[in-house]
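Report on one structure; see the data block that follows.
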Amino acid sequence: MSTTIAFLGATGGCANACLAYSLRSGYDAIALARTPEKLTTQLLSQPGLTQDILDTHLRIVQGDARDIETVMKTLIVSEDEHSTTLVSLIVSGIGGTGELVMTKASPCDQIPMRVPTIPHISIPNPHITEESTTALLGALRRIAKERFASFSDFAAVAPRVTIISGAGIKKGVKDVPMLFKPLYAALDIPHKDKMQMERLLAGEQEKKESLLCGGVVIVRPSILGGDHKIAEPGTDSGYRKLRVGTEKKPEVGYTVGRALIGEWIYREVVKGGGDKWVGEGVILTE
Numbered sequence: 001m002s003t004t005i006a007f008l009g010a011t012g013g014c015a016n017a018c019l020a021y022s023l024r025s026g027y028d029a030i031a032l033a034r035t036p037e038k039l040t041t042q043l044l045s046q047p048g049l050t051q052d053i054l055d056t057h058l059r060i061v062q063g064d065a066r067d068i069e070t071v072m073k074t075l076i077v078s079e080d081e082h083s084t085t086l087v088s089l090i091v092s093g094i095g096g097t098g099e100l101v102m103t104k105a106s107p108c109d110q111i112p113m114r115v116p117t118i119p120h121i122s123i124p125n126p127h128i129t130e131e132s133t134t135a136l137l138g139a140l141r142r143i144a145k146e147r148f149a150s151f152s153d154f155a156a157v158a159p160r161v162t163i164i165s166g167a168g169i170k171k172g173v174k175d176v177p178m179l180f181k182p183l184y185a186a187l188d189i190p191h192k193d194k195m196q197m198e199r200l201l202a203g204e205q206e207k208k209e210s211l212l213c214g215g216v217v218i219v220r221p222s223i224l225g226g227d228h229k230i231a232e233p234g235t236d237s238g239y240r241k242l243r244v245g246t247e248k249k250p251e252v253g254y255t256v257g258r259a260l261i262g263e264w265i266y267r268e269v270v271k272g273g274g275d276k277w278v279g280e281g282v283i284l285t286e
């Protein structure tokens, strides 16, 4: 298979599941990871994956997804003085790991205590997806300028981008059950970061002469559950229970498994090419 997929945030449950399905099916992949050992351990825990498969089909780039040079290394399959070969697809599962916060520091410096506040999800870096998306677009821009004779040459091979966002992001789209409205309100900080990621890519899609990617697929899952573990070969993953909606025809659900999100991206974008979903906000729920 000639398709090579780049993975950002590959240790996250959804992206890791997609990577595992792709490797198990013989696709080549380049994954960016801050801690390669963690990624390797996760993948070797996946059913049907072996060290031989990883050695044959996976290249791991160590580094930070917010660093343009590192991202460039992740997107370039090979190059010489005459040509540069890029990945065909980019799957980004980058997002901050949050915790529920119910208190805040006292507004009075003389009172060393925390006081109650509106419950919300806090993440260490509330701009991680915005910063990594900015770096991704910067890396694509530099590759187009430095590695190709003309922008049209680059545009002919520009990789398709799939991002994992979240339900409840787009105003006016009824994809959140009424009972879960308070929970989604607590996700305000990470959702603002995801919204900025979507805005950056939407702005990119509005361009014509300088478009940096071959289309964008936005995946908006319900509240995520489960882990990265994919189904054993030949067994039922529960994929038939997955419901798929769009902004124009949304599906409303409570939760969805991370591994099912990864399987959908694998089936529809890696294997299927994703043409049907380019420009869509795809709502996935069980």
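For the sequence shown, full-length UniProt numbering gives the first residue as 1, with consecutive numbering after it. Just so it is clear, CB atoms sit at the ideal spot from N, CA and C, and this is done for glycine as well. Being a predicted model, the structure only gives us computed values, none of them experimental.
The beta carbons of G93 and A15 sit closer together than 8 Å. Residue state for D64 is assigned as coil, using DSSP reduced to three classes.
Its chain contains G13, R258, A259 as the residues whose beta carbon lies nearer than 8 Å to that of D227, once the 5 sequence neighbours on both sides are disregarded; these appear in chain order. With contacts defined as CB atoms closer than 8 Å, A20 and T4 fail to qualify as a contacting pair.
A6 carries a strand assignment under DSSP once its states are collapsed to helix, strand and coil. Going by beta carbons, T285 and S222 fall inside the 8 Å limit. The region 122 to 139 makes contact with the region 192 to 205; the number of CB pairs closer than 8 Å reaches 3 or more. Beta-bridge partners assigned by DSSP to I218: I163, G281. C-alpha of V91 to C-alpha of V77: approximately 15 Å in a straight line.
The DSSP-derived three-state label of V269 is helix.
For the pair M72 and L86, the Cα-to-Cα distance works out to about 10 Å. In this chain, the beta strand (DSSP E) harbouring E79 covers 76 to 79.
In the DSSP assignment, L242 falls outside any alpha helix (DSSP H) and carries neither an H nor an E. The three-state secondary structure of I30, taken from DSSP, is strand. DSSP, read as helix, strand or coil, puts T255 in strand. With respect to Y184, G172 sits apart: the two C-beta atoms are not nearer than 8 Å. Taking every protein chain shown into account, the CB of K194 has 16 or more other CB atoms within 10 angstroms, so this residue is buried. L89 is bridged by DSSP to I5, R160. Across the set G26, E268, A10, the C-alpha of A10 shows the shortest separation from the C-alpha of A33. Between the alpha carbons of T235 and K249 lies a distance of about 31 Å. Residue range 188 to 205 is occupied by the alpha helix (DSSP H) that includes I189. Sorting R240, G274, D275, I163 by C-alpha distance to the C-alpha of V256 places R240 at the top. 8 Å or more divides the Cβ of S88 from the Cβ of Y266.
The C-beta distance from T133 to G274 rounds to 18 Å, too long to fall under 8 Å, and the pair is not in contact.
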